[in-house]
Each structure stands twice: as C-alpha cells, then as structure tokens.
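In the numbering used here, the protein residues as written are 578 to 703. Reading through the structure tokens given below for one structure.
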Amino acid sequence: FDGSHAGDFSITFISLSGVDGDLPLMTPEKSGLEGARIVDVTSVVDGDAPLSGTMKLSFRGSITQPINVEVDGTYLANNIDAALEALDTIQQEGVSVSKIDLANGGHEKIFRIEFEGNGVGGNVEP
Numbered sequence: 578f579d580g581s582h583a584g585d586f587s588i589t590f591i592s593l594s595g596v597d598g599d600l601p602l603m604t605p606e607k608s609g610l611e612g613a614r615i616v617d618v619t620s621v622v623d624g625d626a627p628l629s630g631t632m633k634l635s636f637r638g639s640i641t642q643p644i645n646v647e648v649d650g651t652y653l654a655n656n657i658d659a660a661l662e663a664l665d666t667i668q669q670e671g672v673s674v675s676k677i678d679l680a681n682g683g684h685e686k687i688f689r690i691e692f693e694g695n696g697v698g699g700n701v702e703p
C-alpha cells in the first residue's frame, strides 16, 4: 500500500491473547483521510466463545442466587435445578433440569426445565 490507492482490506484475528470468541467491531479513525473518507467496518465471520459469568433465574417473583455458567453442562444443570428448588415458590423435587446436547457441538448450553411438583406442574405462568 503506497497511500495513493485504498481498495479493500481484510483483517483476520487468528488468536488474541486472553480473548476468546467474537470481538467488537473495530472503530475506524478517519480524521487523517482525504477525499470521500468512507470506511465500512463489517464482520465476515462471528467468533464463538464459551459462556462466562453468572446468571439469575426468577419464578413467580423469587430470584435465584447467582449461578456460575462456566461449569460443564451436566454440572450446570444440577446447579440450575438446586437454585430453582431453593426458591420459596418451588417445592423440593418441583423441577427437573436436563442438559440438551447439540448435534454439532459448540459453546452453547441448552437446558430443558420441567415443572413437576404440586402447584407448578404443567404449563405455568412465568
């Protein structure tokens, strides 16, 4: 690039130390450009990062303690089950949580939560 002709540029991040998965779009700095000064930044391939952090669930006004999502799916299913049954709006053995395996793998974690106890069985209001 000699500065006289722009054209298209493609930047690919193969790896970035301490960062995994999708990154925010880059922000162009156009103040040093001359002419039309048009810069488009787009994402061609989204990254795929594992989940991190915690989540809370609520049911009928009660909110669980934070649930760590960084554990494996089976352990997380057990933690979700325990957190929901700790709520005063769901009795012990009132829910069943199972992990759903994805055919193509990936970092997503999907669960089926069934309400089974008296007063919460069947279709329930959130």
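From the three backbone atoms N, C-alpha and C, an ideal C-beta is built for every residue, glycine too. Only a predicted model underlies this, so the values are computations on that prediction, with no experimental measurement involved.
Which residues in the same chain have their Cβ closer than 8 Å to the Cβ of residue i, if we skip the five residues on either side of it in sequence?
i: Val618; result: Leu602, Met603, Thr604 and Pro605
i: Ile588; result: Met603
The beta strand (DSSP E) with residue i in it runs from where to where?
i: Ile690; result: Ile687 to Phe692
i: Ile657; result: Note, Ile657: premise wrong, no beta strand (DSSP E); alpha helix (DSSP H) at Gly650 to Glu662.
i: Ile677; result: Val672 to Ile677
With a Cβ-Cβ cutoff of 8 Å, do residue i and residue j count as a contact?
i: Leu628; j: Val646; result: yes
i: Pro643; j: Thr631; result: yes
i: Ser675; j: Phe692; result: no
i: Gln668; j: Gly638; result: no
Starting from the C-beta of residue i, find all residues in its chain whose C-beta is less than 7 Å away, skip the five residues before and the five after it, and write them out in chain order.
i: Phe578; result: Confidence in Phe578 is poor, its pLDDT being 46 and thus under 50, which makes the residue's placement unreliable; the coordinate value appears in the next sentence. The answer is none, since no qualifying residue turns up.
i: Glu685; result: Leu679
Excluding the five sequence neighbours on either side, which residues of its own chain have a C-beta within less than 6 Å of the C-beta of residue i, listed in chain order?
i: Thr641; result: Lys633, Leu634 and Ala660
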